[in-house]
Amino acid sequence: MNVGRSLRWHNARVNGARKIANLLWRLRYNGNEFSIISNNCWGGAIYQSLHRPYLSPFAGIFLMAPCYLRLLADLRHYLSRPPRQTTKSQYASVHRVYGPTLPYPLGILDDNIEIHFLHYAAWEEALDKWQRRTERINWDRLFIKFGDQNDSSLGAVQQFLQLSYERKLCLTNRQEVHGPAVVAMKGIGPTTRFQEDVEFRRYMDVPDWLGEGRARGGAGLRRLSHWADGHYVQAYQERMAALLATGESLPMNLDAQLAAMDQSPPVRPPQL
Numbered sequence: 088m089n090v091g092r093s094l095r096w097h098n099a100r101v102n103g104a105r106k107i108a109n110l111l112w113r114l115r116y117n118g119n120e121f122s123i124i125s126n127n128c129w130g131g132a133i134y135q136s137l138h139r140p141y142l143s144p145f146a147g148i149f150l151m152a153p154c155y156l157r158l159l160a161d162l163r164h165y166l167s168r169p170p171r172q173t174t175k176s177q178y179a180s181v182h183r184v185y186g187p188t189l190p191y192p193l194g195i196l197d198d199n200i201e202i203h204f205l206h207y208a209a210w211e212e213a214l215d216k217w218q219r220r221t222e223r224i225n226w227d228r229l230f231i232k233f234g235d236q237n238d239s240s241l242g243a244v245q246q247f248l249q250l251s252y253e254r255k256l257c258l259t260n261r262q263e264v265h266g267p268a269v270v271a272m273k274g275i276g277p278t279t280r281f282q283e284d285v286e287f288r289r290y291m292d293v294p295d296w297l298g299e300g301r302a303r304g305g306a307g308l309r310r311l312s313h314w315a316d317g318h319y320v321q322a323y324q325e326r327m328a329a330l331l332a333t334g335e336s337l338p339m340n341l342d343a344q345l346a347a348m349d350q351s352p353p354v355r356p357p358q359l
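If you use the working numbering, the sequence shown corresponds to residues 88 to 359, in order.
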């Protein structure tokens, strides 16, 4: 099989596995509306998988961990006013990866909480969607998710776990943290894009979490859903391996890009 045909086969397999896994999620989802607050695009992907409207502005964006924790300390206050546009991040790591002029709109709440609208081309669109989705928040059913990345630390994880939110979840690779809100995966360092996008399915049951233990369908459908999630993760991993074999690079989040930059060999001057 040539490279092109191989990649098309892997793409078709991933797409098929994702559709089946998401269909089973939708069959098990109990229908109660929910608002996911997240420090990256994770929540938006959950809404898409379940074919639900975005009842949260936290889609297509990311926040650095210190900003996110400040936001969660007084969520209603910070979401009661729209962000204003700015151009310079307080984080040197952001400009190191994306350059002095960011290729996406940057907003700020009050004076110190940055909203990185990574998947938006224009400020006007980002602001409009932020405001409309903020108005839709279901404050009675908040689900708070923290991904251990973007200038995170053990202290940041512990601070998140101490917050008083009833429904919270922490995706992390740290084996030293424990608790009902912890989903400890088996990676090293900050959570990666692959883990946050796909692999978390191996470690948690999203319909059960959103249904607060009352997902539909019983044990048989749950087992089938777990199998489909695992099959999707495996298919995705094999596609990544096939892409790497062709010399292509994989999409990376901020932490991974910083690590890659640090590992790059220095550029040597030409020999005279």
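Quick reminder that beta carbons are idealized off the backbone N, C-alpha and C, glycines included. In this text, all values refer to a predicted model and were calculated from it rather than measured experimentally.
- Taking 9 Å as the cut-off, the Cβ atoms of Leu150 and Arg168 do not count as close.
- The beta carbons of Asn340 and Arg280 sit about 5 Å from each other, so the pair counts as a contact at 8 Å.
- DSSP assignment within the region 176-211 yields the following whole alpha helix (DSSP H) runs of 4 residues or more, N-terminal first: 179-185.
- Just so you know, the alpha carbons of Lys106 and His97 end up roughly 14 Å apart.
- Within 10 angstroms of the beta-carbon of Ala315 lie 16 or more other beta-carbons, which makes it buried.
- Counting along the chain, the unbroken alpha helix (DSSP H) around Phe247 starts and ends at Leu241 to Leu248.
- Judged by DSSP secondary structure, Phe287 falls outside any beta strand (DSSP E); it is assigned neither H nor E.
- Residues Ala302, Arg309, Ser312 and His313 of the same chain have their beta carbon placed closer than 8 Å to that of Asp292, with the five preceding and five following residues left out of the count.
- Between Ser122 and Arg223, the C-beta gap is smaller than 9 Å, which places the two residues in contact.
- Residue environment for His138: exposed (fewer than 16 other C-beta atoms within 10 angstroms of its C-beta).
- Leu256 is positioned such that its CB atom lies closer than 9 Å to that of Trp296.
- Rounded to the nearest angstrom, the Cβ distance from Leu114 to Gly304 is 6 Å, consistent with a contact under 8 Å.
- In the DSSP assignment, the residues bridged to Ser122 are Leu229.
- The residue among Ala160, Tyr155, Trp129 and Ser180 with its C-alpha nearest the C-alpha of Met348 is Ser180.
- The beta carbons of Ala146 and Cys128 sit about 6 Å from each other, so the pair counts as a contact at 8 Å.
- For Ala108, the three-state secondary structure derived from DSSP is helix.
- The way I'd put it, the region 269-278 does touch the region 244-259; three or more beta-carbon pairs between them come closer than 8 Å.
- Residues of the same chain with a CB within less than 7 Å of the CB of Asn117, apart from the 5 flanking positions on each side, are Gly298, Arg301, Ala302 and Arg303 in chain order.
- Thr173 is bridged by DSSP to Leu193.
- Residue pairing by DSSP places Val269 opposite Cys257 in a beta bridge.
- Rounded to whole angstroms, the Cβ separation of Arg183 and Leu345 is 7 Å, and the two are in contact under 8 Å.
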